[in-house]
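Take my numbering: the last position of the sequence shown gets the number 371, and nothing is skipped along the way.
Even glycine gets a Cβ: it sits at the ideal position worked out from N, Cα and C.
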Amino acid sequence: MARRRKNDGTEELAWVLTICTLGAFFLIKWAIEAIVWLFKAIAQLIVWIANRAEKKKNVNNITNVPFENTTLKEEMLKLPEQTIKEKLNIFDKSIYDEMFPIQIRGRGESYFENDKIKYFKQNENKYTCTVKGTEDYKVSLTFKNDGDEIEEASCTCPYFADKNNNCKHIYALLYKVKCSNNKEVIINEIKQNLESIKKMIKNSQDYIDRNKSHFTSAAIQEHYNYTHYYDWTFKNIESKMNNSTLEDTLLKYLEDLIRISSELKEKIKKTLNSENTSNSNFSSSNTTKKDSSKIGLSDVVVGLAVANTVDNFIENRRNDDEDNVSGYTDDELDDYGLEDWQKDLVKKGDYDPWNFEEEDLEEDDYYYEDD
């Protein structure tokens, strides 16, 4: 009869030790994998944050940095005209609008720009000069307490002498005294805005060219389309901008430029933010490139059609502009209360917009004095 082996618990202990060892091994393995995964996740998060920060910096440098030297930014569009002039540090001539009809103001401003003011003198708050018209007219202007309020004005022209109406000669002297630097400031601001807008477009195009693989062909084509369209607008403003342009018209050009720059900023930001900088999976990125190339072919066809439409629109606008030798837009001529036939004469260069009467200006009164 075999003797029964005594159970001293060694086997159970061995099993427990084996299980504990295996458990510890897997726990350590899982812990290491978890730590590695966590470090990878942290690394990817850091890369993602860095990419976003870099993209934000790139977008900011492209869209905002060029405008740092401009006086007026997008907020100008929400400001009243008086505040805009204060920001530009120019005199607000509109305080005299009630004293001078719009045609008189336009002709007086042109007299100043055409250097028809001679023998200008100042004696404290009194200013005198001779204005060259059909004849030489003696003009004087006195302000109250060296301020902006007119105390006395006079001119030897028939329009003032016979009718006692404020004439273009008085306004020419007034514009010289109060606004002689206005146009220079506005033109300089327009030039700075034009330079900033062009720099923004060039910088965005350079960035896209350097990172073409990160953008879809549709985004690249869209960027070309809208920058190509706005480029014509800038050239159109540049061709009309000079010292002979009325101050109010120059201010409208400036407002247009700031509105355009705001629109362009948003468009360029949208394009640049569409950049795909993900390199996490080689195969998936290859697939994305293949898919985007397929999409890109059709997008290019659509883009070319859009570009052709834009080019046709620009060409039509160019042709219209060639017929308009004056440089005035319909909106600007509306400010003079002109009828369509009068607008046509102005656009052809036969008349200036202030050569027509308004309801508050009788014909006999207005043409009482010749140029």
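Check, Outcome
"Going along the chain, which unbroken runs of the beta strand (DSSP E) with 3 or more residues stay wholly within the region 5-45?", "none"
"Residue range of the alpha helix (DSSP H) that Y96 falls in?", "Premise fails: Y96 is in no alpha helix (DSSP H) and is neither H nor E."
"Could you check what DSSP says for L141 in three-state terms: helix, strand or coil?", "strand"
"Which residues does DSSP pair with N123 in a beta bridge?", "K126"
"Please list the terminal residues of the continuous alpha helix (DSSP H) segment that includes I237.", "217-240"
"Can the beta-carbon of F67 be found less than 7 Å from the beta-carbon of S196?", "yes"
"Look at E113 and N182 and say whether their C-beta atoms are less than 7 Å apart.", "no"
"Would you kindly report the start and end of the unbroken alpha helix (DSSP H) that includes S196?", "182-210"
"Cα separation between D206 and N243?", "35 Å"
"Could you give the residue range of the beta strand (DSSP E) that holds E152?", "150-155"
"With a threshold of 7 Å on Cβ separation, who are the neighbours of L38 within its own chain once the five nearest residues in sequence on each side are excluded?", "none"
"Just the C-alpha distance for D364 and L174, rounded to the nearest angstrom, thanks.", "Any reading at D364 must be qualified, since the residue scores a pLDDT of 41, below 50, and its modelled position is unreliable; no value is offered."
"Can you confirm whether the region 122-141 touches the region 259-266 when touching is taken to mean that 3 or more C-beta pairs between the two stretches lie within less than 8 Å?", "no"
"Quick one: Cα of D97 to Cα of R105, how far?", "8 Å"
"Specify the secondary structure class of I117 as computed by DSSP and reduced to three states.", "strand"
"Which of helix, strand or coil does DSSP assign to K55?", "helix"
"Would you kindly check if the distance between the Cβ of N193 and the Cβ of L250 is under 7 Å?", "no"
"Could you pull the start and end residues of the alpha helix (DSSP H) that T271 belongs to?", "247-273"
"Would you kindly check if the distance between the Cβ of F100 and the Cβ of L159 is under 7 Å?", "Strictly speaking, residue 159 in this sequence is Tyr, with Leu absent from that position. The answer is no: Cβ separation not under 7 Å."
"Are at least three pairs of beta-carbons, each pair with one atom in the region 160-168 and one in the region 22-36, less than 8 Å apart?", "no"
"Would you call the CB atoms of R259 and L77 closer than 7 Å?", "yes"
"Please list, in chain order, all residues of the same chain as K40 whose beta carbon is under 7 Å from its beta carbon, the five residues on each side excluded.", "none"
"Could you pull out every residue in the same chain whose Cβ sits closer than 6 Å to the Cβ of S154, ignoring the five residues on either side in sequence?", "S140"
"Between the beta-carbon of K116 and the beta-carbon of V131, is there less than 7 Å?", "yes"
"How is E132 classed by DSSP in three states: helix, strand or coil?", "Looking at the sequence provided, one finds Lys at residue 132 rather than Glu. Three-state result, K132: strand."
"Answer yes or no: do I201 and L254 have a C-beta to C-beta separation smaller than 7 Å?", "no"
"Taking the continuous alpha helix (DSSP H) assigned at Y328, which residues delimit it?", "Y328 -> no alpha helix (DSSP H), and no H or E assigned at all."
"Would you kindly work out how many angstroms separate the C-alpha atoms of S284 and L22, rounded to a whole number?", "Any reading at S284 is ruled out, since the residue's pLDDT is 32, under 50, leaving its predicted position unreliable."
"Kindly indicate which residue of T233, Y226, A219, W232 has the alpha-carbon position closest to the one of N276.", "A219"
"Assuming I186 and I90 make a contact with CB atoms under 8 Å, what is their CB distance in whole Å?", "7 Å"
"Between the C-alpha atoms of Y230 and V346, what's the straight-line distance to the nearest angstrom?", "26 Å"
"Output the distance between the C-alpha atoms of E11 and L45, rounded to the nearest integer angstrom.", "50 Å"
"Does T71 come out as helix, strand or coil in the three-state DSSP assignment?", "coil"
"Rounding to the nearest angstrom, what Cα-Cα distance links N145 and E152 in this structure?", "12 Å"
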